[in-house]
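Peer 1: Protein chains in written order, with my numbering: chain A, 222 to 337; chain X, 222 to 337. Even glycine gets a Cβ: it sits at the ideal position worked out from N, Cα and C. There's a structure below that I have some questions on.
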DNA sequence: ACTCGAACTGACAAATTAGTCAGTACAGCA
DNA sequence: TGCTGTACTGACTAATTTGTCAGTTCGAGT
């Protein structure tokens, strides 16, 4: 019986990954790190993502407490998402992750070039 | 058409996560950080994981260059896995991830306690 | 001779995640 | 009036990932 990482794991690494883990969460967070955005702005800023997934991920991250949802409660709807103070504690971790990711991308690129 | 994060993504966060991502990779790395281990030792040290998945993850990480596979080429087989020098560059990132993960676990625990 | 353990592989089933498509409410604009 | 945009939800389908189970090869132990 396959088990998702969402289920509380004893490993703190898994526990952190569970909040970051999702096809687009890294990208979404990356965008939000430069400032709050509306749902539609995010959608346009990450064209490959579907609205459904965007919203699901957004809501999951709100649930996890790392994002804040500001709803003007108007119609038509107007909702902005921002990184919460708690989510901000993630920023330095994301920085590290990103830094390593960049090196890794360079490495992968170099490898696929030498053996196509 | 769902797309896995494995496919080269422009986002460095996703790129890093793709090497860490896998139900048990965090845990496996965590174990290996304290020293090389044989396949069977790892299996016993993480009882919930199946041999199949252990080996798959191990091989994927070898592919990604973060683990080294030392095969004595004897029969019966004797294989040890260790973190490669390149994988070691991941250690500080893992540290950060783990640190945050620990805080998050505490937070989650506090929450579920207050509202069961 | 028989069983066990080592480190796997292949075929396949089940769980989980991602994505599609339709539909909601109502303001603003031509 | 008809159309578009906003931020969603529900019911599904499809892709991906995990996991199950059997089978391999050969040395050591009983």
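Mind listing, in chain order, the continuous alpha helix (DSSP H) runs of no fewer than 4 residues lying wholly within the region 223-304 of chain A?
Peer 2: List check, alpha helix (DSSP H) in window: 233-241, 246-253, 260-266 and 272-284.
Peer 1: Among A/333, A/262, A/275 and A/259, which one has its Cα closest to the Cα of residue 247 of chain A?
Peer 2: For the residues A/333, A/262, A/275 and A/259, the minimum Cα distance to residue 247 of chain A belongs to A/275.
Peer 1: Can you pull the chain A residues whose beta carbon is under 7 Å from the beta carbon of residue 236 of chain X, in chain order?
Peer 2: Simply 322, 325 and 326.
Peer 1: Roughly how many angstroms separate the alpha carbons of residue 299 of chain A and residue 260 of chain X, rounded to a whole number?
Peer 2: Each residue's alpha carbon lies about 53 Å from the other.
Peer 1: Chain A beta carbons: is any one of them nearer than 8 Å to that of residue 247 of chain X?
Peer 2: Closer than 8 Å to some Cβ of chain A, the Cβ of residue 247 of chain X qualifies, so yes.
Peer 1: Just to make sure I have the definition right: I need the residues of chain X whose C-beta is within less than 8 Å of the C-beta of residue 240 of chain A. Which are they?
Peer 2: Simply 325.
Peer 1: Under 8 Å, with one C-beta from each stretch per pair, do the region 314-334 of chain A and the region 286-306 of chain A reach the 3-pair mark?
Peer 2: Verdict: no, contact absent.
Peer 1: Among the candidates X/325, X/244, X/252 and X/255, whose CA atom is the shortest distance from the CA of residue 287 of chain A?
Peer 2: It is X/325.
Peer 1: Is there a Cβ of chain A sitting closer than 8 Å to that of residue 306 of chain X, yes or no?
Peer 2: Residue 306 of chain X does not count as touching chain A.
Peer 1: Could you say which of X/266, X/310 and X/282 lies nearest to residue 323 of chain A if we only look at CA atoms?
Peer 2: Among X/266, X/310 and X/282, the Cα nearest to that of residue 323 of chain A is on X/310.
Peer 1: Sort X/328, X/241 and X/294 by Cα distance to residue 284 of chain X and report the nearest one.
Peer 2: Taking only the C-alpha atoms, the option nearest residue 284 of chain X is X/241.
Peer 1: List the whole-angstrom C-beta distance separating residue 344 of chain X from residue 270 of chain X, where the pair is believed to meet the contact cut-off of C-beta under 8 Å.
Peer 2: Past the boundaries of the shown model lies residue 344 of chain X; chain X is included only from 222 to 337, so the question cannot be answered.
Peer 1: Is there a C-beta anywhere in chain A that falls below 8 Å from the one on residue 268 of chain X?
Peer 2: Chain A, which has no Cβ nearer than 8 Å to the Cβ of residue 268 of chain X, makes this no.
Peer 1: Once DSSP output is grouped into helix, strand and coil, what is the label at residue 321 of chain X?
Peer 2: In the structure shown, residue 321 of chain X sits in a helix (DSSP, three-state: H, G or I).
Peer 1: Going by beta carbon distance, what residues of the same chain come within less than 8 Å of residue 320 of chain X, once the five residues before and after it are set aside?
Peer 2: Excluding positions up to five away in sequence, the list is empty.
Peer 1: In angstroms, rounded to a whole number, what distance separates the CA positions of residue 266 of chain X and residue 252 of chain X?
Peer 2: Using only the alpha carbons, I get a separation of about 8 Å.
Peer 1: If we ignore side chains and look at the alpha-carbon of each, how far apart do residue 282 of chain X and residue 293 of chain A end up?
Peer 2: The alpha-carbon atoms of residue 282 of chain X and residue 293 of chain A are separated by roughly 46 Å.
Peer 1: Does chain X have any CB closer than 8 Å to the CB of residue 283 of chain A?
Peer 2: For residue 283 of chain A, the answer is no, since every Cβ of chain X falls outside 8 Å of its Cβ.
Peer 1: Since I believe residue 318 of chain X is in contact with residue 314 of chain A (beta carbons under 8 Å), could you give me their beta-carbon distance rounded to a whole number of angstroms?
Peer 2: Sure, about 6 Å apart at Cβ, within 8 Å.
Peer 1: Taking the beta carbon of residue 255 of chain X as the centre, do at least 16 other beta carbons fall within 10 Å, making it buried, or is it exposed?
Peer 2: So residue 255 of chain X ends up on the exposed side.
Peer 1: In its own chain, which residues sit with a C-beta less than 7 Å from the C-beta of residue 272 of chain X, not counting the 5 before and 5 after it?
Peer 2: Excluding sequence neighbours, residue 272 of chain X sits near 264.
Peer 1: Exposed or buried, what is residue 233 of chain A when buried is set at 16 or more other beta-carbons lying within 10 Å of its beta-carbon?
Peer 2: Buried.
Peer 1: Could you check which residue in A/312, A/328, A/327 and A/231 has the C-alpha nearest to that of residue 268 of chain X?
Peer 2: Of A/312, A/328, A/327 and A/231, the residue nearest in Cα terms is A/231.
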